[in-house]
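For the sequence shown, this note's numbering assigns the number 59 to the initial residue and increments by one for each residue that follows. Where a beta carbon is used, it is the ideal one built from N, C-alpha and C, also for glycine.
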Amino acid sequence: MFQKNYETVFILTPVLSEVQMKDTVDKYVGLLKELGAEIVNVENWGLKKLAYTIQKKTTGFYVMVEYTADPTAIKKFELGFRRDETVLRFLTTVMDKHGIKYAERRRKGEFNKKSEAKEEPAK
């Protein structure tokens, strides 16, 4: 079937330990693989403050997964998020050609602010 590029960002409850959080991420990455998806990148953004409270929580573990999958697999994947009480929010987007190029550049570290600061000459 036809494969599209997707990016899913989901927020896990801060009540989880680091091990539980990694197990949950591995569970969803494994689910994607079972559905025939090819994982491109998994980024753990760590514990971050939420813009507003969700289920009386002010922080959450942010995780981003980039993958290519059949469009029919997305409904089954998101159904797992809806059934899991440890997932506070999730968002899946289809990446266009510009989004794919940007993601590749981001993975290479072209937008790293720390490296830009080092390149500036000292005055």
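#1: Please classify GLU101: does DSSP put it in a helix, a strand, or coil?
#2: So, for PRO129: in the same chain, excluding its five sequence neighbours on each side, which residues have a beta-carbon less than 7 Å away from its beta-carbon?
#3: In angstroms, rounded to a whole number, what distance separates the CA positions of ILE69 and PHE119?
#4: Given this structure, state the Cα-to-Cα distance separating THR151 from VAL123, to the nearest angstrom.
#5: Any chance the stretch 150–168 sits against the stretch 70–88, with 3 or more Cβ pairs inside 8 Å?
#6: Decide if PHE60 is buried, meaning its Cβ has at least 16 other Cβ atoms within 10 Å, or exposed.
#7: From this set, GLY94, ASP81, TRP103, which residue's C-alpha is nearest THR144's C-alpha?
#8: For SER75, which option in GLY104, LEU137, GLY94, GLY167 has the closest C-alpha, if you only look at C-alpha atoms?
According to the data block:
#1: For GLU101, the three-state secondary structure derived from DSSP is strand.
#2: Close CB contacts of PRO129 within its chain, under the 7 Å cut and outside five residues either way in sequence, are with LYS62 (chain order).
#3: Between ILE69 and PHE119, the C-alpha separation is close to 5 Å.
#4: If I take the Cα positions, the gap works out to 11 Å.
#5: With a cut-off of 8 Å, the stretch 70–88 and the stretch 150–168 do not count as touching, because too few Cβ pairs lie within range.
#6: Taking all protein chains shown into account, PHE60 has fewer than 16 neighbouring C-beta atoms within 10 Å of its C-beta and is therefore exposed.
#7: Relative to THR144, the option among GLY94, ASP81, TRP103 whose CA is nearest is ASP81.
#8: When only C-alpha atoms are compared, the closest one is GLY104.
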